[in-house]
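**Student:** Residue numbers (the working numbering), protein chains in the order written: chain A, 494 to 805; chain B, 11 to 222. Just dropping this structure here.
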């Protein structure tokens, strides 16, 4: 059972890193308190994981046949990578970390399912593209709707505030549904957990990460990366939630970090203004490339050590 | 319940603007008395009325500010509304100051300038009326573009009248000290429409920021 600890660690690191993508803009534009945001995030992550978290588990566990030790090593490696990135205050993809780790183990064992990998790689490209498209459609559409409502300054504020909260909750739900597979998906393949147990444990550990260590990355996303007005923030989060949820239904774990960057780029295209601070964006892009590579290396080393000091 | 909270603030803003209106009405009556009957003993009392209505408007504005800080609006909008109210609040302050200036400095407008000066006052009061309607539009979802254009026009009219009046004052045979005093009064009166224009600028900025 100690092997499950790496899953809990992974969930915690995911929660601490990815909550920022959901509530970062809302918290730092002071539309919602940090405390309220992380509590809502935790609750909806668990609900999402329990209700729709099963899909991605099959995809991930299909990449490489997992043993109890390889599952432990992959999860621990991914968790270490994401935690490292959280310490560096970079929003990164836990999916990439997990896939990097699984491939690291696959290389060591000489068995990687490349057809499954293609599905994951396509999803990584499709995620930011999907949110760009969603933003390009939603921004003018919802804007036209709001204009017909002829809102005064107070009503407009109220609608946007609740819009951001609801979009955030939906985002948290989508995060739970989509990303729980990264946390405990491997254990279902090894038979250590049932799908429901994996969803419950994964969801809870993600929630724990959101509650305890999410502020650092939230500062990067909300303060240093994105300069959005409340309406832009609402559309960005809603588009992200929509796309991540869609991938959860399809059963492919994707990155909320990539999704939110796509949203912000979409708004940048529409408004023709600089909504992203380039320096911070470059740091994040570095994080994206580094994440699977570092996770792969960690997984390789951890799994190799396990094989040497076998605890079979 | 949430709607009630916002509605209560809108009602208070409306009450504040109504109070500024009362101040405006008293100002208009006082100015006429001060210009047409400079030595009248009743003038002190009517100027005090302008002062009282200005104070009440101030109190109402403070109540709104507290309520805004305590429980309403997101910070960005709060800043816009507070800025707008504070800029607006300078106008009743100017109504009051102008009355006191005429009263305390015992300024007597020569006959030939009285009518033109009162006309200048009317144009400046009109600029307040226009900007007041525009500000209210922000809280009652009205299109304020036409209103803000009229504020600009009133300010421009006031500028022309102000310059003509000053030129004629200095072309007259009045004592130099009197000319300076009258010029100050004319310039200060024109400042009302300048302030109305500042309010209008803030209003437009608040609207543009929210444009989707």
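Note that the Cβ used here is the ideal one computed from N, Cα and C, for glycine as well.
Just how far apart, CA to CA, sit residue 644 of chain A and residue 635 of chain A?
**Tutor:** Here residue 644 of chain A corresponds to residue number 151 of the first chain, with the count starting at 1. Here residue 635 of chain A corresponds to residue number 142 of the first chain, with the count starting at 1. Going by the C-alpha atoms only, they are around 13 Å apart.
**Student:** Return the chain-ordered list of same chain residues with a C-beta closer than 7 Å to the C-beta of residue 573 of chain A, the five sequence neighbours on each side being excluded.
**Tutor:** Counted from its first residue, the first chain places residue 573 of chain A at position 80. So the qualifying residues of the chain are 791.
**Student:** Mind pulling the beta strand (DSSP E) runs of 3 or more residues that sit fully within the region 93-142 of chain B?
**Tutor:** none
**Student:** Does DSSP classify residue 90 of chain B as helix, strand or coil?
**Tutor:** Along the second chain, one-based indexing puts residue 90 of chain B at 80. Of the three classes helix, strand and coil, the one that applies to residue 90 of chain B here is helix, per DSSP.
**Student:** Within 10 Å of its beta-carbon, does residue 91 of chain B have 16 or more other beta-carbons around it, so buried, or fewer, so exposed?
**Tutor:** The sequence position of residue 91 of chain B within the second chain is 81, counting from 1. Counting Cβ neighbours within 10 Å, residue 91 of chain B comes out buried, since at least 16 surround it.
**Student:** Any beta carbon of chain A sitting closer than 8 Å to that of residue 220 of chain B?
**Tutor:** The residue labelled residue 220 of chain B in the question sits at position 210 within the second chain. Closer than 8 Å to some Cβ of chain A, the Cβ of residue 220 of chain B qualifies, so yes.
**Student:** Could you name the residues of the same chain whose beta carbon sits closer than 7 Å to that of residue 93 of chain B, not counting the 5 residues immediately before and after it, in chain order?
**Tutor:** By 1-based counting over the second chain, the position of residue 93 of chain B is 83. Taken in chain order, the residues that qualify are 212.
**Student:** Output yes if chain A places a C-beta closer than 8 Å to the C-beta of residue 78 of chain B; else output no.
**Tutor:** By 1-based counting over the second chain, the position of residue 78 of chain B is 68. No, residue 78 of chain B lies away from the interface with chain A (no Cβ there is under 8 Å from its Cβ).
**Student:** What residue does the alpha helix (DSSP H) around residue 503 of chain A start on, and which one ends it?
**Tutor:** As a position in the first chain, residue 503 of chain A is number 10, starting the count at 1. Counting along the chain, the alpha helix (DSSP H) containing residue 503 of chain A begins and ends at 497-521.
**Student:** Give me the Cα-Cα distance between residue 173 of chain B and residue 40 of chain B, rounded to the nearest whole angstrom.
**Tutor:** Along the second chain, one-based indexing puts residue 173 of chain B at 163. Along the second chain, one-based indexing puts residue 40 of chain B at 30. Approximately 24 Å, taken between the alpha carbons.
**Student:** Distance cutoff 8 Å, beta carbons only. Does residue 11 of chain B sit that close to anything in chain A?
**Tutor:** For the purposes of this step, residue 11 of chain B is taken as the residue at position 1 of the second chain. Its pLDDT being 43, under 50, residue 11 of chain B is placed unreliably in this model, and the coordinates cannot settle the point.
**Student:** For a contact meaning CB atoms closer than 8 Å, what does residue 91 of chain B contact in chain A?
**Tutor:** For the purposes of this step, residue 91 of chain B is taken as the residue at position 81 of the second chain. Those within 8 Å of residue 91 of chain B in chain A are 646.
**Student:** Pull out every residue of the region 145-158 of chain B whose Cβ sits closer than 7 Å to any Cβ of chain A, in chain order.
**Tutor:** 148, 149, 150, 151
**Student:** Give the interface partners of residue 724 of chain A over in chain B, defined as CB-CB distance under 9 Å, in chain order.
**Tutor:** Reading the first chain from its first residue, position 231 is the one you call residue 724 of chain A. Here the neighbours are 220, 222.
**Student:** Would you kindly report the start and end of the unbroken alpha helix (DSSP H) that includes residue 159 of chain B?
**Tutor:** For the purposes of this step, residue 159 of chain B is identified with residue 149 of the second chain, where counting begins at 1. Where residue 159 of chain B is concerned, the enclosing alpha helix (DSSP H) starts and stops at 155-181.
**Student:** Rounding to the nearest angstrom, what Cα-Cα distance links residue 67 of chain B and residue 102 of chain B in this structure?
**Tutor:** Reading the second chain from its first residue, position 57 is the one you call residue 67 of chain B. Reading the second chain from its first residue, position 92 is the one you call residue 102 of chain B. Approximately 8 Å between the Cα atoms of the pair.
**Student:** Compare the C-beta of residue 528 of chain A against all C-beta atoms of chain B and say whether one is closer than 8 Å.
**Tutor:** Here residue 528 of chain A is taken as the residue at index 35 of the first chain, counted from 1. It does not: the Cβ of residue 528 of chain A has no partner Cβ on chain B nearer than 8 Å.
**Student:** Closer than 7 Å by C-beta to residue 157 of chain B: which residues in its own chain qualify, once you throw out the five before and the five after it? Chain order, please.
**Tutor:** As a first step, residue 157 of chain B must be located in the second chain, where it is residue number 147. Once the five neighbours on either side are set aside, the close Cβ partners of residue 157 of chain B are 140, 143, 144, 147.
**Student:** Would you tell me roughly how many angstroms separate the C-alpha atoms of residue 53 of chain B and residue 63 of chain B, rounded to the nearest one?
**Tutor:** For the purposes of this step, residue 53 of chain B is identified with residue 43 of the second chain, where counting begins at 1. For the purposes of this step, residue 63 of chain B is identified with residue 53 of the second chain, where counting begins at 1. Each residue's Cα considered, the two are about 16 Å apart.
**Student:** In chain order, what residues of the same chain have a beta carbon less than 7 Å from the beta carbon of residue 585 of chain A, not counting five sequence neighbours either side?
**Tutor:** Here residue 585 of chain A refers to the residue found at position 92 of the first chain. 510, 575, 578, 750, 780, 781, 784, listed in sequence order.
**Student:** For residue 636 of chain A, return the contacting residues in chain B, with the cut-off set at a CB-CB distance below 7 Å.
**Tutor:** The sequence position of residue 636 of chain A within the first chain is 143, counting from 1. Under the 7 Å cutoff, chain B gives 222.
**Student:** Just to make sure I have the definition right: I need the residues of chain B whose C-beta is within less than 7 Å of the C-beta of residue 524 of chain A. Which are they?
**Tutor:** Stepping through the first chain from its first residue, residue 524 of chain A is reached at position 31. Going along chain B in sequence order, the residues near residue 524 of chain A (Cβ under 7 Å) are 84.
**Student:** Please tell me whether residue 154 of chain B and residue 206 of chain B are closer than 8 Å, where the distance is taken between their beta carbons.
**Tutor:** Numbered from its first residue, the second chain carries residue 154 of chain B at position 144. Numbered from its first residue, the second chain carries residue 206 of chain B at position 196. In this structure, residue 206 of chain B does not lie closer than 8 Å to residue 154 of chain B by Cβ.
**Student:** Using the beta-carbon count (16 or more within 10 Å), is residue 163 of chain B buried or exposed?
**Tutor:** Residue mapping note: residue 163 of chain B aligns to position 153 of the second chain, counting from 1. Exposed is the call here.
**Student:** Is DSSP giving residue 686 of chain A helix, strand or coil here?
**Tutor:** In the first chain, the residue the question calls residue 686 of chain A occupies position 193. In the structure shown, residue 686 of chain A sits in coil (DSSP, three-state: anything other than H, G, I, E or B).
**Student:** Is it true that the region 519-527 of chain A meets the region 590-602 of chain A, where meeting means three or more beta-carbon pairs spaced less than 8 Å apart?
**Tutor:** no
**Student:** Assuming contact is defined by CB atoms lying nearer than 8 Å, are residue 676 of chain A and residue 664 of chain A in contact in what I supplied?
**Tutor:** If you number the first chain from 1, residue 676 of chain A lands on position 183. If you number the first chain from 1, residue 664 of chain A lands on position 171. No, the Cβ-Cβ distance between residue 676 of chain A and residue 664 of chain A is not below 8 Å.
**Student:** At a CB-CB cut-off below 8 Å, which residues of chain B make contact with residue 654 of chain A?
**Tutor:** On the first chain, residue 654 of chain A is found 161 positions in, with the first residue counted as 1. Correct list: 84.
**Student:** In chain order, which alpha helix (DSSP H) runs of at least 4 residues are fully inside the region 724-793 of chain A?
**Tutor:** For the region 724-793 of chain A, the continuous alpha helix (DSSP H) assignments of 4+ residues that do not extend past its boundaries occur at 749-764, in sequence order.
**Student:** Under 8 Å between C-beta atoms, does residue 19 of chain B make it to chain A?
**Tutor:** Your numbering for residue 19 of chain B matches position 9 in the second chain. Chain A contact via Cβ: present.
**Student:** Can you confirm whether residue 16 of chain B, when its beta carbon is compared against all beta carbons of chain A, has any partner nearer than 8 Å?
**Tutor:** Within the second chain, the letter at position 6 stands for residue 16 of chain B. True, the Cβ-Cβ gap to chain A drops below 8 Å.
**Student:** For chain B, check one thing: does any of its Cβ atoms lie closer than 8 Å to the Cβ of residue 565 of chain A?
**Tutor:** Against the first chain, residue 565 of chain A aligns to sequence position 72. With 8 Å as the cut-off, residue 565 of chain A does not count as an interface residue toward chain B.
**Student:** Under a three-way DSSP split, which group does residue 722 of chain A fall into?
**Tutor:** The residue you call residue 722 of chain A lines up with position 229 of the first chain. If DSSP states are grouped into helix, strand and coil, residue 722 of chain A belongs with coil.
**Student:** Can you say whether residue 603 of chain A is buried or exposed, counting buried as having 16 or more other CB atoms within 10 angstroms of its CB?
**Tutor:** One-based indexing of the first chain puts residue 603 of chain A at position 110. Exposed is the call here.
**Student:** Cβ atoms of residue 793 of chain A and residue 597 of chain A: under 8 Å apart, would you say?
**Tutor:** Start at 1 with the first residue of the first chain, and residue 597 of chain A comes out as number 104. Start at 1 with the first residue of the first chain, and residue 793 of chain A comes out as number 300. The answer is yes: Cβ separation under 8 Å.
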